[in-house]
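Sequential numbering of the sequence shown, starting at 21, is according to the working numbering.
For every residue, glycine included, the Cβ atom is placed at its ideal position computed from N, Cα and C.
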Amino acid sequence: MKFLPFILFTVLTNAAAQLMLKHGMMTMGPISFAGVNPILKILQIVFSPWIFAGLSVFVISMASHLYVLSKVELSFAYPFLSLAYVAVAVFAYFVFREDLNAYRIAGIALICVGTVLIAQSGREAPEKTAEAAYKSERSVIQ
């Protein structure tokens, strides 16, 4: 639980990146590669301000996730990333006026329940488990 703030930071930056990418693609309009050099088109997309910002935030999210993975078990940390779906769905509803029907709400509820169950499983100092795995791996290499 000590690393939960870092895990949640990873989730929020991941969700923010998705929202920025969506906004960037909405401002660009439909993409077509007809009659244009595909490499130039890809560069135009990547270097548009919102897309570039979203990709940059993804890099920050990945760096945070790598830090988390160095401290806790993958089977504990990775399921938390599903909370990014929850954040994206809620923000997309309010910001982009996307549909949030009963099936999506039920799915979001299941994701939240599953994440709480996984969080409860990590109460036994998961950072020590990661450290023990690292030490075990080092002894095998030597």
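Beta-carbon proximity check, residue i vs residue j, cutoff 8 angstroms
i    : j    : result
I27  : V88  : yes
I62  : M48  : no
F211 : K42  : The question about residue 211 has no answer, for the chain in this structure spans 21 to 162.
A112 : V77  : no
I128 : V106 : yes
G74  : M40  : yes
Residue environment, residue i, which counts as buried when at least 16 other CB atoms sit within 10 Å
i    : result
F114 : exposed
L103 : buried
N34  : buried
T30  : buried
F53  : exposed
G55  : exposed
G134 : exposed
I71  : buried
S81  : buried
E144 : Unreliable positioning characterises E144 in this predicted model, as indicated by a pLDDT of 48, which lies under 50. The coordinate reading is nonetheless provided below. E144 is exposed by the Cβ-count criterion.
P146 : At P146, the pLDDT of 45 sits below 50, so the modelled position is not reliable and the matter cannot be decided from this model.
P25  : exposed
Candidates the options, of which the one nearest residue i by Cα
i    : options              : result
L137 : F96, F111, F53       : F96
Y123 : I59, I80, A109       : A109
F67  : L94, M45, S52        : M45
F23  : S84, V79, L60        : S84
S141 : V79, A126, L94, L120 : L94
L32  : V79, I51, P50, L60   : V79
Interface flag, residue i vs chain D, CB-CB below 8 angstroms
i   : result
A36 : No chain D appears in the structure shown, which is made up of a single protein chain.
Inside the stretch 42 to 103 only - alpha helix (DSSP H) runs reaching at least 4 residues:
With a minimum length of 4 residues, the continuous alpha helix (DSSP H) runs that stay inside the stretch 42 to 103 are 58 to 66, 69 to 89, 94 to 97.
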